[in-house]
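Numbering (the numbering used here), first residue to last: 5 to 267.
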């Protein structure tokens, strides 16, 4: 067999896999921009890919209806075909089903806004939000919002539940994406270390100024962190005593969810 042809054939699957991974990396960045979209320069910065590579990927995805370009702003966003593809799996995940009673119970007890956030690759994705009865609610994240792992208390909690080398690797991969959230890799690693010590994630200053967040991680039966429950509230609502009370409620419900998805 021709050695040159053999080498070329062996390389083609790897090149194809690399192209798919690059396209998915671009899509994840665009998903974080939601309806407003993301400028091409930000996609390049966040992915670390060259401008020609990103330009080529984006335009192929536009041709396939997966991405669209806003004529007025020039930004790129997820296209209309993506929600249509999502309809192929209309049934809620096992995690969402298991979490529903826990979220309802914790929301009633705590009274502040609750979020359920899942891990997807190197990102977090908000999949549920419960608004409490307290007059002032912190609605910092909408369902469907995507963030790099590490910029929120949920992301910190999920990283804290991983082996330290794996968490550091993800933080390093996300470092270029931290700037818009006014944080950096050293700060995130420090928060992850603190969360391991406390047993839950804590952000003294939430994504919204004047707020505070507490998160507890949820693991799958194989011990992998898959999600987090978060309470976000105005800082005066989460003093030292109440912080501990809220953390205990979240820890209780996280364990309840783990038992439900493991049964």
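Where a beta carbon is used, it is the ideal one built from N, C-alpha and C, also for glycine.
What's the call for residue i, buried or exposed, on a 16-neighbour Cβ count within 10 Å?
i, result
"residue 178", "buried"
"residue 236", "buried"
"residue 82", "buried"
"residue 186", "exposed"
"residue 164", "buried"
"residue 122", "buried"
"residue 262", "buried"
"residue 240", "exposed"
"residue 183", "exposed"
"residue 152", "buried"
"residue 170", "exposed"
"residue 243", "exposed"
"residue 77", "exposed"
"residue 55", "exposed"
"residue 168", "exposed"
"residue 173", "exposed"
"residue 154", "buried"
"residue 127", "buried"
"residue 41", "buried"
"residue 137", "exposed"
"residue 14", "Note on residue 14: pLDDT 49, under 50, position unreliable in the model; no value is reported."
"residue 24", "exposed"
"residue 69", "exposed"
"residue 273", "No answer is possible for residue 273: the residues shown for the chain start at 5 and end at 267."
"residue 158", "buried"
"residue 190", "exposed"
"residue 251", "buried"
"residue 222", "buried"
"residue 176", "exposed"
"residue 268", "This structure gives no information on residue 268, because the portion of the chain shown stretches from 5 to 267."
"residue 129", "buried"
"residue 103", "buried"
What is the residue span of the alpha helix (DSSP H) that residue i lies within?
i, result
"residue 48", "44-51"
"residue 131", "Not the alpha helix (DSSP H): residue 131 falls in the beta strand (DSSP E), residues 127-134."
"residue 259", "244-266"
"residue 56", "55-67"
Could you give the C-beta distance for residue i and residue j, rounded to a whole number, given that I count them as a contact under 8 Å?
i, j, result
"residue 99", "residue 209", "About 29 Å separates the two Cβ atoms, so there is no contact after all."
"residue 26", "residue 53", "6 Å"
"residue 218", "residue 195", "That belief does not hold up - the Cβ atoms of residue 218 and residue 195 are roughly 12 Å apart, past 8 Å."
"residue 150", "residue 35", "5 Å"
"residue 32", "residue 125", "6 Å"
"residue 119", "residue 109", "At roughly 15 Å, the Cβ-Cβ gap does not stay under 8 Å, so residue 119 and residue 109 are not in contact."
"residue 192", "residue 214", "That belief does not hold up - the Cβ atoms of residue 192 and residue 214 are roughly 21 Å apart, past 8 Å."
"residue 181", "residue 21", "Actually they are not in contact, since the Cβ atoms of residue 181 and residue 21 sit about 23 Å apart, beyond 8 Å."
"residue 257", "residue 97", "That belief does not hold up - the Cβ atoms of residue 257 and residue 97 are roughly 17 Å apart, past 8 Å."
"residue 58", "residue 71", "In fact, because the Cβ distance is near 11 Å, the residues do not count as touching under 8 Å."
"residue 224", "residue 254", "About 18 Å; that fails the 8 Å criterion."
Checking the sheet assignment: what are the DSSP bridge partners for residue i?
i, result
"residue 80", "42, 73"
"residue 117", "236"
"residue 215", "238"
"residue 205", "219"
"residue 122", "129, 231"
State the start and end residues of the unbroken beta strand (DSSP E) segment that holds residue i.
i, result
"residue 144", "Taken as a continuous stretch (DSSP letters only), residue 144 belongs to no beta strand (DSSP E), as it is neither H nor E."
"residue 165", "Neither: residue 165 is in no beta strand (DSSP E) and is coded neither H nor E."
"residue 150", "150-152"
Using a Cβ-Cβ cut-off of 8 Å, state whether residue i counts as contacting chain B.
i, result
"residue 219", "Of the chains in the structure shown, none is chain B; there is only one protein chain."
*Is the segment 224-238 in contact with the segment 67-84, if contact means three or more CB pairs nearer than 8 Å?*
no
*Taking contact to mean at least 3 C-beta pairs separated by less than 8 Å, is the segment 101-114 in contact with the segment 143-150?*
no
*With contact counted as at least three CB pairs below 8 Å, one residue from each stretch, are the segment 150-166 and the segment 191-202 in contact?*
yes
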